[in-house]
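First up is the structure itself, then whatever we jot down about it.
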Amino acid sequence: MVELRNHSIVSSKVAFGRYILEQEYFLFKNFKNKLLKNMIYEIKYKGNKSSAYILGVELGHLIKSSFSNFDLIIPIPVSKAKRQIRGFNQCELIAEGVSEVLNLPIFSDFFRRNNNLTSQVNSSRYQRWLNVENQYKTLTQLPKNSKVLIIDDVVTSGATISSCVKAILQKKSPITISIAALAGNKIT
Numbered sequence: 009m010v011e012l013r014n015h016s017i018v019s020s021k022v023a024f025g026r027y028i029l030e031q032e033y034f035l036f037k038n039f040k041n042k043l044l045k046n047m048i049y050e051i052k053y054k055g056n057k058s059s060a061y062i063l064g065v066e067l068g069h070l071i072k073s074s075f076s077n078f079d080l081i082i083p084i085p086v087s088k089a090k091r092q093i094r095g096f097n098q099c100e101l102i103a104e105g106v107s108e109v110l111n112l113p114i115f116s117d118f119f120r121r122n123n124n125l126t127s128q129v130n131s132s133r134y135q136r137w138l139n140v141e142n143q144y145k146t147l148t149q150l151p152k153n154s155k156v157l158i159i160d161d162v163v164t165s166g167a168t169i170s171s172c173v174k175a176i177l178q179k180k181s182p183i184t185i186s187i188a189a190l191a192g193n194k195i196t
């Protein structure tokens, strides 16, 4: 087992894209780490579900070490096409690992994607924002004053997270939102 010490916790009202988040957690400070890149590839394209769960457990321990409290976890959805091809949503598997450590419910069906986007891997930062603008819709209302933890696999431009946060905030329910991912670029 590789020890993961390249983590990052950014706290207290992070301005993420256009929205204010309570905290962001990244197991790796960026996704250029070769080991992490290989693991993400194995998860997404080789079906290595156990790695997603194990990394989720590690991410859960990182979050737990910050003494933050949350009410629920919401994984970012993948498109229906990608779910059919892979047979799973890697963000849900990561969320299961986080949930195991934090003992929180997972709301897997909270978001719906409006269409099937092509892979964002080779898109510019600006193109990523355009591609996901208004692509996520909430399917239910969150309880008032909920402390929500959104889980993604990697955060590059912040476009997907921003689109999801926008969808939540359109419900006008007073909640606190934090994000967690295996890796992310500091955008703030």
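Numbering (the working numbering), first residue to last: 9 to 196. Glycine included, each C-beta is placed from N, C-alpha and C at the ideal position. The structure displayed is predicted, hence computed values, not measured ones.
Distances from the alpha-carbon of ILE176 to those of THR148, SER76, ALA188 and TYR33 put THR148 closest. The beta carbons of LEU110 and GLY68 sit about 5 Å from each other, so the pair counts as a contact at 8 Å.
With contacts defined by Cβ atoms closer than 7 Å, GLU66 and SER59 do not form a contacting pair.
Residue pairing by DSSP places SER186 opposite LEU157 in a beta bridge.
Residue environment: LEU43 is assigned as exposed (fewer than 16 neighbouring CB atoms within 10 Å of its CB, all protein chains considered).
Looking from the CA of LYS72, the closest CA among LEU101, GLN98 and VAL106 belongs to VAL106.
Secondary structure of ILE84 (DSSP, three-state): coil. Excluding five sequence positions before and after PHE39, the CB atoms of its chain that fall closer than 6 Å to its own CB belong to VAL162 and ALA191, given in chain order. Annotated three-state conformation of LYS145 is strand, per DSSP. Around the beta-carbon of ASP117, fewer than 16 other beta-carbon atoms lie within 10 Å, marking it exposed.
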